[in-house]
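Q: Numbering (my numbering), first residue to last: 423 to 850. Note that the Cβ used here is the ideal one computed from N, Cα and C, for glycine as well. My questions will all concern the structure given below.
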Amino acid sequence: MKCLSRLSLLLLLSALLACESSDEDALPGVEREELADLKVYRSDSPYADVMKQCATRDSSDTACTLGTLPLIGMNDSDPDIDTVMSRLLVSHDWMGERFEELLNIFPDELLRLFRGVTAIVIDDDIRPAFYTAATGAIYLDPNYLWLSVEEAGTINPKDDFRSGYSDPLSVRILNRYVKDGDVAYRYYPPDSPTPRALSDIEYLVASLLLHELAHANDFFPPALHTQLDPDLRPWPAASSISSSWISTQLDYSNGLSSQTMFDLADVMFKGDTASDAVIAITPEQAAAAFDPDGASDDYAYSSQYEDIAMLFEETMLLYLHGIERDLAFTTAPGATGYCDEYVIAWGTRVRLSEPQVAARAEFVANQMLPEIDFDAFFRSLPETQSLPEGVDWCTSLYWQGDTSTSKGTEALREKTTASPLPPTPFHL
423 MKCLSRLSLL LLLSALLACE SSDEDALPGV EREELADLKV YRSDSPYADV
473 MKQCATRDSS DTACTLGTLP LIGMNDSDPD IDTVMSRLLV SHDWMGERFE
523 ELLNIFPDEL LRLFRGVTAI VIDDDIRPAF YTAATGAIYL DPNYLWLSVE
573 EAGTINPKDD FRSGYSDPLS VRILNRYVKD GDVAYRYYPP DSPTPRALSD
623 IEYLVASLLL HELAHANDFF PPALHTQLDP DLRPWPAASS ISSSWISTQL
673 DYSNGLSSQT MFDLADVMFK GDTASDAVIA ITPEQAAAAF DPDGASDDYA
723 YSSQYEDIAM LFEETMLLYL HGIERDLAFT TAPGATGYCD EYVIAWGTRV
773 RLSEPQVAAR AEFVANQMLP EIDFDAFFRS LPETQSLPEG VDWCTSLYWQ
823 GDTSTSKGTE ALREKTTASP LPPTPFHL
């Protein structure tokens with residue numbers, strides 16, 4: 423990004439994500455004192471005595487060694503639900519109950535991805551969800567998990583600290599997952615809940631886990647789990663194999679190159695002050711910079727780690743659940759922020775099928791889950807579809823007509839009730 427070399431960028435982002443350089447960055451989605459109410463969900467866990475202290479260390483220098491709290495994959499190459507649940511910490515019992523319910527309906531492929539973590543933490547104060555190589559654990563926002571109004575009421579409704587970063591920009595970049603012609607799930611904040619069923623959150627939580635577990639298996643690739651030194655803490659252990667990180671390999675062999683998108687990502691995801699030149703970038707200009715590159719999502723330009731996490735998340739939701747992804751570059755909305763105020767300048771469904779994206783995604787998937795032969799899946803991807811230009815975001819979900827006629831747009835508007843755009847659940 424900007425004038426940094428790839429090596430300099432790698433070192434900088436490694437420090438930020440894995441918290442080598444700053445104690446305050448070690449737990450980016452929560453303050454350490456906010457985790458004081460954590461407890462081991464299963465008291466009979468073989469690591470019950472050490473998990474809380476290991477998962478709440480706020481510095482890589484004081485973290486537990488991998489001998490004290492190993493990656494699951496160091497001991498078990500094919501973990502079952504009981505093994506995963508034995509590494510769970512929660513602030514409220516319902517969070518553990520819901521997590522186990524979901525593990526029982528998720529496919530085995532997802533369970534295998536837990537090999538890359540030391541612990542799973544779910545706490546009422548975590549927002550956004552994140553992974554850190556300082557502890558080797560993933561930290562999950564419980565807003566993904568609640569079903570009842572009472573459960574939602576136990577969650578801190580604080581905003582994601584990145585809220586509003588995009589406000590100065592002329593472009594908005596939206597995404598959604600689509601299944602059977604409708605959104606696969608909806609995401610709403612815990613302070614305005616209506617009761618939900620397990621089916622309402624199944625794919626939402628799947629997307630969260632696939633993303634965070636991709637980070638874990640990036641820093642600790644499955645092929646190397648049994649070769650890690652148990653006397654090392656997680657970050658030094660990860661650093662010792664940095665040339666084998668999946669994101670590093672992809673960045674060097676087939677990295678992203680759009681400077682326009684890097685500049686936008688610095689504002690949208692890191693909170694950099696937008697220059698006049700960046701503010702002036704139109705949706706059309708941003709899309710023209712993005713389209714020929716190999717990213718599946720704009721979040722990929724925030725770091726090499728988010729690049730592979732987004733590729734893997736999108737790949738596995740399609741592979742496991744038949745869920746496709748929409749991405750659109752739109753105008754900035756008016757004051758109300760309703761979804762019909764976002765007008766599409768460029769959009770696509772199943773960008774994963776684009777050759778430059780598919781090649782990168784296949785590499786990542788093969789590294790994350792080497793037991794699976796993805797060849798047939800990538801050879802038979804559904805065709806990429808263009809979303810209609812000049813049509814608003816909510817109407818475009820159901821688009822089946824000719825984009826050159828306003829009649830088709832108006833007819834579909836009558837079928838679509840405009841609603842506020844729900845927040846996009848970005849993860850770290």
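(1) Below 7 Å CB to CB, which residues in the same chain sit around residue 792 once its five sequence neighbours on both sides are set aside?
(2) Between residue 548 and residue 567, is the Cβ-Cβ spacing less than 8 Å?
(3) Contact check, residue 477 vs residue 559 under 8 Å by CB: the rounded distance?
(4) Terminal residues of the continuous beta strand (DSSP E) containing residue 779?
(5) Would you decide whether residue 853 is buried or exposed? Buried here means 16 or more other CB atoms lie within 10 Å of its CB.
(6) Who are the near neighbours of residue 512 in its chain, counting only those whose CB is closer than 6 Å to its CB and skipping five residues on each side?
(7) To the nearest whole angstrom, what separates the beta carbons of residue 592 and residue 703, a pair I think is in contact under 8 Å?
(8) Classify residue 571 as buried or exposed, calling it buried when 16 or more other Cβ atoms lie within 10 Å of its own Cβ.
(9) Under a three-way DSSP split, which group does residue 684 fall into?
(10) From residue 473 to residue 753, what does the alpha carbon distance come to, in whole angstroms?
(11) Looking at C-alpha atoms only, which residue of 555, 708, 696, 523 is the closest neighbour of residue 482?
(12) Which residue spans inside the segment 666-739 form an unbroken alpha helix (DSSP H) run of at least 4?
(13) Hey, quick one: how far does the beta strand (DSSP E) through residue 813 stretch, first residue to last?
(14) Thinking C-beta only, is residue 597 closer than 8 Å to residue 740?
(15) In the DSSP assignment, what are the bridge partners of residue 598?
(16) Using only alpha-carbon positions, find the residue among 557, 812, 626, 783 that is nearest to residue 705.
(17) Per DSSP, what kind of secondary structure is residue 527 in: helix, strand or coil?
(18) Would you say residue 574 and residue 550 are within 8 Å of each other, going by their C-beta atoms?
(19) State buried or exposed for residue 656, treating a residue as buried only when at least 16 other CB atoms are found within 10 Å of its CB.
(20) Which whole-angstrom value describes the C-beta separation of residue 367 and residue 525, a residue pair presumed to lie in contact below a C-beta threshold of 8 Å?
A: Inspection of the coordinates gives the following:
(1) Reading the sequence shown from its first residue, position 370 is the one you call residue 792. Cβ within range, chain order: 644, 645.
(2) Walking along the sequence shown from the start, residue 548 turns up at place 126. Walking along the sequence shown from the start, residue 567 turns up at place 145. Result no, Cβ atoms of residue 548 and residue 567 do not sit closer than 8 Å.
(3) Residue numbering aside, residue 477 sits at position 55 when the sequence shown is read from its first letter. Residue numbering aside, residue 559 sits at position 137 when the sequence shown is read from its first letter. Right, the Cβ-Cβ distance comes to about 5 Å (below 8 Å), so this counts as a contact.
(4) Numbered from 1 along the sequence shown, position 357 holds the residue referred to as residue 779. Premise fails: residue 779 lies in the alpha helix (DSSP H), 777-790, not in any beta strand (DSSP E).
(5) Nothing can be reported for residue 853: it is not among the residues displayed for the chain, which extend from 423 to 850.
(6) Along the sequence shown, read from residue 1 onward, the residue named residue 512 stands at position 90. Cβ within range, chain order: 463, 518, 544.
(7) Within the sequence shown, residue 592 is the residue found at index 170, counting from 1. Within the sequence shown, residue 703 is the residue found at index 281, counting from 1. Yes, residue 592 and residue 703 are in contact; Cβ-Cβ is about 6 Å, under 8 Å.
(8) In the sequence shown, the residue the question calls residue 571 occupies position 149. Label assigned to residue 571: exposed.
(9) Translated into the one-based positions of the sequence shown, residue 684 becomes position 262. If DSSP states are grouped into helix, strand and coil, residue 684 belongs with the helices.
(10) Within the sequence shown, the letter at position 51 stands for residue 473. Within the sequence shown, the letter at position 331 stands for residue 753. Going by the C-alpha atoms only, they are around 46 Å apart.
(11) Translated into positions along the sequence shown, residue 482 becomes position 60. Closest by alpha carbon: 555.
(12) 668-676, 681-692, 698-701, 705-712
(13) In the sequence shown, the residue the question calls residue 813 occupies position 391. Unbroken run through residue 813: none, as it is neither H nor E.
(14) Sequence index remark: in the sequence shown, residue 740 carries index 318 (1-based). Sequence index remark: in the sequence shown, residue 597 carries index 175 (1-based). Not in contact: residue 740 and residue 597 (Cβ atoms no closer than 8 Å).
(15) Translated into positions along the sequence shown, residue 598 becomes position 176. According to DSSP, residue 598 bridges with 748.
(16) Looking up residue 705 in the sequence shown gives position 283. Comparing Cα-Cα distances from residue 705 to each of 557, 812, 626, 783, the minimum goes to 812.
(17) Here residue 527 refers to the residue found at position 105 when the sequence shown is read from its first residue. Three-state DSSP puts residue 527 in coil, outside helix and strand.
(18) Walking along the sequence shown from the start, residue 574 turns up at place 152. Walking along the sequence shown from the start, residue 550 turns up at place 128. Not in contact: residue 574 and residue 550 (Cβ atoms no closer than 8 Å).
(19) Stepping through the sequence shown from its first residue, residue 656 is reached at position 234. Buried, because 16 or more other Cβ atoms sit within 10 Å of the Cβ of residue 656.
(20) With the chain running from 423 to 850 in the structure shown, residue 367 is simply not present.
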